[in-house]
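Undergrad: Numbering (my numbering), first residue to last: 43 to 554.
Note that beta-carbon positions come from the ideal geometry of N, C-alpha and C, so glycine has one too.
Okay, here's the structure, questions in a sec.
Now the structure itself:
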């Protein structure tokens with residue numbers, strides 16, 4: 043009887059694990075094709091595949107393999123990031139998915155440190171290896187285990203000491219991928235070469251000439267390896283890898299910009315009222331703040347919905363909410379902030395300044411949270427080391443002040459002339475502080491190789507033109523007291539260029 047069937051009969055509280063024995067793997071791709079057949083995986087995407095790395099130099103060279111798939115983490119970041127519980131963990135430890143409630147937000151893809159999740163191009167839902175849970179549930183082994191000609195793939199119950207998998211894990215010299223992410227994978231590798239386990243250990247082949255495989259092109263593609271970096275002392279060059287894509291495109295870059303304007307357009311006029319620069323009855327606070335902030339907040343919501351693979355399911359964020367996800371928390375924050383702005387507008391129509399003063403109690407924290415919650419959303423993307431910065435929340439708050447100052451500046455000469463000079467100063471100071479944050483990002487040492495490579499891609503690599511365009515244009519914001527109104531469009535355009543460089547560079551380092 044197969045080991046999976048025995049384990050299922052002996053212990054209903056199984057904790058499934060898998061061992062890939064690379065002392066036996068011959069790189070035949072039988073597991074890849076069996077997986078595609080069993081799970082009807084379309085072309086162009088893979089639940090499992092075999093990566094090749096050529097180690098050494100001729101004539102003393104060999105080819106190392108790595109069977110790559112979901113790591114079935116004990117602490118899966120994809121489950122915490124999923125806003126609808128579509129990605130979930132079963133009692134037996136298997137991380138599975140429910141396509142019926144997937145909204146296609148790609149948060150799980152951004153969160154996975156192993157690049158194991160993809161969007162199915164046919165049904166537009168997230169999927170990955172799930173240990174062939176439907177087979178395990180009826181006492182059968184996964185398709186890849188059955189078809190492997192050398193018995194290099196083993197699955198078993200880690201809670202059963204007699205199982206072959208438990209014995210190898212507890213007694214053998216097995217390794218896991220990216221242990222520093224602290225996800226506690228339950229996919230173990232025996233005899234795998236380090237240059238295959240580490241996604242940036244091997245160099246990209248000269249000219250991008252991968253063996254009988256195509257790497258996708260374009261700004262959204264993530265090309266395996268790196269043209270000038272390999273962190274292994276061994277001579278290692280990638281020979282074969284499947285294409286990879288970044289999960290979030292320009293819509294997420296644009297969303298961070300519109301959200302900053304939405305927060306700043308309320309906070310900056312309120313700040314001017316607190317300072318006594320303008321009275322609470324001024325149109326800048328009464329009308330411009332709620333209309334501009336509300337308009338850009340609505341645009342932010344539309345961008346978030348547009349980015350979903352299943353936009354008609356956007357309401358699942360509330361009806362199937364998984365409260366640990368910062369997409370859910372962000373949706374609640376944006377909804378609350380939108381309600382405050384609507385009530386503020388009604389207060390202006392009805393001439394109820396007392397209502398607006400009461401609304402400030404909720405409006406200020408909600409506006410600040412609207413500005414900074416993306417830092418926590420990005421922090422849930424554990425795979426993206428560039429975004430794991432404790433300084434990101436204050437940086438986003440500064441960006442909101444910058445964006446708000448620039449956005450409302452054109453209205454001040456006609457409706458709040460006393461605010462014009464203070465706003466120029468506020469724009470200059472916030473632009474300068476933003477550039478100091480950026481200077482730190484570009485000159486200070488990064489804690490991980492992945493963060494350093496992402497910063498390299500932002501400053502010198504594929505996204506450098508956006509980064510430096512942003513720096514040059516934002517210098518115009520610093521010069522606001524001298525160039526006046528011209529600083530506003532320069533600062534807004536520079537901030538947008540920076541957001542795009544930062545968001546895309548954070549996703550540019552290969553994970554698998």
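(1) Excluding the 5 residues preceding and the 5 following residue 212 in the sequence, name in chain order all residues of the same chain whose CB lies nearer than 8 Å to its CB.
(2) Smallest Cα separation from residue 411: which of 56, 496, 308?
(3) The alpha helix (DSSP H) with residue 551 in it runs from where to where?
(4) Does the segment 279-290 come close enough to the segment 150-157 that 3 or more CB-CB pairs lie under 8 Å?
(5) Is it right to say residue 350 is buried, meaning 16 or more other beta carbons lie within 10 angstroms of its own, or is it exposed?
(6) Hey, would you say residue 153 sits closer than 9 Å to residue 125, going by beta carbons?
(7) Who are the near neighbours of residue 513 in its chain, counting only those whose CB is closer than 8 Å to its CB and skipping five residues on each side?
(8) Runs of 4 residues minimum, wholly inside the segment 283-340: which ones carry the alpha helix (DSSP H) assignment?
(9) Report all residues from its chain with a CB closer than 7 Å to the CB of residue 36; omit the five preceding and five following residues, and keep chain order.
(10) Can you give me the start and stop residues for the beta strand (DSSP E) that residue 87 sits inside?
(11) Who are residue 232's beta bridge partners in DSSP?
(12) The alpha helix (DSSP H) with residue 108 in it runs from where to where?
(13) Taking all protein chains shown into account, do 16 or more other C-beta atoms lie within 10 angstroms of the C-beta of residue 415, making it buried, or fewer, making it exposed?
(14) Whose C-alpha, out of 175, 183, 199, 200, is nearest the C-alpha of residue 193?
(15) Check whether the segment 231-251 touches the segment 170-187, taking contact to mean three or more Cβ pairs, one atom from each stretch, closer than 8 Å.
(16) Does DSSP classify residue 525 as helix, strand or coil?
(17) As a quick exercise: from 311, 143, 206, pick the residue whose alpha carbon is nearest that of residue 449.
(18) For the putative contact between residue 491 and residue 242, defined by C-beta atoms under 8 Å, what is the C-beta separation to the nearest angstrom?
(19) According to the neighbour-count rule (16 or more other Cβ atoms, all chains shown, within 10 Å of its Cβ), is residue 403 buried or exposed?
(20) Considering residue 198, what are the terminal residues of the beta strand (DSSP E) in which it resides?
(21) Residue range of the alpha helix (DSSP H) that residue 485 falls in?
(22) If you follow the alpha helix (DSSP H) that residue 509 is part of, which residue opens it and which one closes it?
(23) Taking residue 250 as the reference, which of 225, 238, 234, 281 has the closest Cα?
(24) Looking only at C-alpha atoms, which of 421, 384, 354, 239 sits nearest to residue 113?
(25) State yes or no: is the C-beta of residue 121 nearer than 8 Å to some heavy atom of the ligand ADP?
(26) With a Cβ-Cβ cutoff of 9 Å, do residue 325 and residue 457 count as a contact?
(27) Do residue 174 and residue 73 come within 9 Å of each other at the CB atom, strictly closer than that value?
(28) What did DSSP end up calling residue 96 once you bin it into helix, strand or coil?
TA: Here's the rundown:
(1) The sequence position of residue 212 within the chain shown is 170, counting from 1. Closer than 8 Å at the Cβ level, and outside the excluded window around residue 212, lie 203.
(2) One-based indexing of the chain shown puts residue 411 at position 369. Per the Cα distances, 308.
(3) The residue you call residue 551 lines up with position 509 of the chain shown. Careful: residue 551 lies outside any alpha helix (DSSP H) and carries neither H nor E.
(4) yes
(5) Within the chain shown, residue 350 is the residue found at index 308, counting from 1. When all chains shown are included, residue 350 counts as buried.
(6) Numbered from 1 along the chain shown, position 111 holds the residue referred to as residue 153. Numbered from 1 along the chain shown, position 83 holds the residue referred to as residue 125. Cβ atoms of residue 153 and residue 125: not closer than 9 Å.
(7) The count along the chain shown starts at 1 and reaches residue 513 at position 471. Result list for residue 513: 477, 480, 536, 540, in chain order.
(8) 292-317
(9) Because the chain spans 43 through 554 in this model, residue 36 falls outside it and cannot be assessed.
(10) Position 45 of the chain shown, counting from 1, holds the residue named residue 87. Careful: residue 87 lies outside any beta strand (DSSP E) and carries neither H nor E.
(11) Your numbering for residue 232 matches position 190 in the chain shown. Bridge partners of residue 232: 63, 216.
(12) Locating residue 108 in the chain shown gives position 66, counting from the first residue. Premise fails: residue 108 lies in the beta strand (DSSP E), 102-110, not in any alpha helix (DSSP H).
(13) Here residue 415 refers to the residue found at position 373 of the chain shown. Residue 415 is buried by the Cβ-count criterion.
(14) On the chain shown, residue 193 is found 151 positions in, with the first residue counted as 1. It is 183.
(15) no
(16) Locating residue 525 in the chain shown gives position 483, where the first residue counts as 1. Residue 525 falls in the helix class under three-state DSSP.
(17) Here residue 449 is taken as the residue at index 407 of the chain shown, counted from 1. For residue 449, the nearest C-alpha among the options comes from 311.
(18) In the chain shown, counting from the first residue as 1, residue 491 sits at position 449. In the chain shown, counting from the first residue as 1, residue 242 sits at position 200. Rounded, the Cβ-Cβ distance is 6 Å, consistent with contact.
(19) The count along the chain shown starts at 1 and reaches residue 403 at position 361. Result: exposed.
(20) To locate residue 198, count along the chain shown from 1; it is residue 156. Its beta strand (DSSP E) spans residues 195-199.
(21) In the chain shown, counting from the first residue as 1, residue 485 sits at position 443. Start and end: 462-485.
(22) To locate residue 509, count along the chain shown from 1; it is residue 467. Start and end: 506-520.
(23) Taking the first residue of the chain shown as 1, we reach residue 250 at position 208. Answer by Cα proximity: 281.
(24) Indexing the chain shown from 1 puts residue 113 at position 71. For the residues 421, 384, 354, 239, the minimum Cα distance to residue 113 belongs to 239.
(25) Inclusion of the ligand ADP in the displayed structure is not the case, the ligand content being empty and no account of it being possible.
(26) In the chain shown, residue 325 corresponds to position 283, counting from 1. In the chain shown, residue 457 corresponds to position 415, counting from 1. Contact: yes.
(27) Position 31 of the chain shown, counted from the start, is the residue given in the question as residue 73. Position 132 of the chain shown, counted from the start, is the residue given in the question as residue 174. No, these two residues do not count as a Cβ contact at 9 Å.
(28) By one-based count along the chain shown, residue 96 stands at place 54. In this structure, residue 96 counts as strand in the three-state DSSP scheme.
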